[in-house]
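In the working numbering, the protein residues as written are 15 to 292.
Backbone N, C-alpha and C define an ideal beta-carbon position, used for all residues, glycine too.
Worksheet for the structure shown next.
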Amino acid sequence: MKHWQIDQMDWNAFDATKVNPDILALVKAASVVERNARDYTLYLKNVFHDDSGFSDAAQNWAEEEVQHGDALGKWAMLADPNWNYAESFDRYREAYKIDTEVSASIRGSRTGELIARCMVETGTSSFYTALADATEEPVLKAVCKQIAADEYRHFKLFYDNMHRYLEREKLGRWFRLRIALSRVMESEDDELATAFYITNSERFSSYDHKNCIAAYMARALSFYRQRHLDRVTAMILKTSGLTPHSRMQQWLARGLHALISWKQRSFARQLASQAEPA
15 MKHWQIDQMD
25 WNAFDATKVN
35 PDILALVKAA
45 SVVERNARDY
55 TLYLKNVFHD
65 DSGFSDAAQN
75 WAEEEVQHGD
85 ALGKWAMLAD
95 PNWNYAESFD
105 RYREAYKIDT
115 EVSASIRGSR
125 TGELIARCMV
135 ETGTSSFYTA
145 LADATEEPVL
155 KAVCKQIAAD
165 EYRHFKLFYD
175 NMHRYLEREK
185 LGRWFRLRIA
195 LSRVMESEDD
205 ELATAFYITN
215 SERFSSYDHK
225 NCIAAYMARA
235 LSFYRQRHLD
245 RVTAMILKTS
255 GLTPHSRMQQ
265 WLARGLHALI
275 SWKQRSFARQ
285 LASQAEPA
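See the structure below:
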């Protein structure tokens, strides 16, 4: 069952004077990515075709993800009445597709697939926590907090199932860490770049991956603080079977913060050189 409903949010508390344009652009992109979860469920059901318990859990996960998209879409249309969430999602579905017709995980094993899903939930829970901390708009703050809590529960869903498969597939800790880090690096793929382009198309003359991912990342990375990355690195190490709260985690968190700060500045310089329209 869903832990909250869209209608339970206090939409009358929306304050247009506290909308941050950069956050609005990110929320528009996030809304269509979240709503696309049913395609990922088809993929997961094919990978875990003989595991009815996990397939049912994946279906429930997808419905919560779709609600995330609908809540974010509703907020974005309040913030920008000229923007249409449903139309943007339809365009996104046409522009970006994943291969759902598979019989095995692209990660090489079911454990690997679940590690990758843990990393996605790690990223989204930290992202919505960062947005909740950054925004002064009360409705978005409340929505992001609800979504972040859902995403952390989703992490636990995939983490628990990962351990179930780990008993059979026996992936070593460093191999698991390699899968985890490789999935983290995929955040700059076409999924987010396409979503940002489709939902903020007035900013671009045409789709160019390099420009669109820079526009997304320059904004998204600017809202991360050290406390968010402390949790991210703890979740990465926990998934990999390494000690989540340790000197290694502290070193990794500081390094990740330095890397993200550098990448954000790099993407921002790229945007400035392109003279992206405001």
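Counted as a single uninterrupted DSSP element, the alpha helix (DSSP H) harbouring Gly137 occupies residues 124-148. When secondary structure is reduced to three states using DSSP, Met262 falls in the helix class.
Nearest to Pro258 by alpha-carbon distance, out of Arg187, Leu180, Asn214, Ala93, is Arg187. If the five residues before and after Leu58 are omitted, its C-beta is found closer than 7 Å to the C-beta atoms of Ala72, all from its own chain and listed in chain order.
Nearest to Pro152 by C-alpha distance, out of Asp24, Phe281, Trp18, is Asp24.
Residue state for Met23 is assigned as coil, using DSSP reduced to three classes. For the pair of segments examined, the segment 232-239 was found not to touch the segment 212-221: the number of CB pairs separated by less than 8 Å stays below three.
The residue from Cys158, Val80, Val61, Leu154 with its alpha-carbon nearest to that of Val116 is Val61.
Apart from sequence neighbours up to five positions away, the residues of its chain that approach Ile212 with a beta-carbon distance below 7 Å are Val46, Ser102, Arg105, Tyr106, Ala109, ordered along the chain. The continuous alpha helix (DSSP H) containing Gly67 extends over residues 66-93. The way I'd put it, the segment 33-50 doesn't touch the segment 170-179; fewer than three beta-carbon pairs between them come closer than 8 Å. For Leu92 and Thr31, the gap between their C-alpha atoms comes out near 12 Å. Counting C-beta atoms within 10 angstroms of its own C-beta, Gln19 has fewer than 16 neighbours from the protein chains shown and is therefore classed as exposed. Assigned with DSSP and collapsed to three states, Leu185 falls in coil, not helix or strand. Under the three-pair Cβ rule at 8 Å, the segment 253-267 does not count as touching the segment 222-229. Under the rule that a run must span 4 or more residues, the alpha helix (DSSP H) segments found entirely inside the segment 195-258 read 204-213, 223-234, 240-254. DSSP, reduced to helix, strand and coil, places Phe62 outside both helices and strands of the structure shown, so it counts as coil. In the three-state reduction of the DSSP assignment, Asn96 falls in the coil class.
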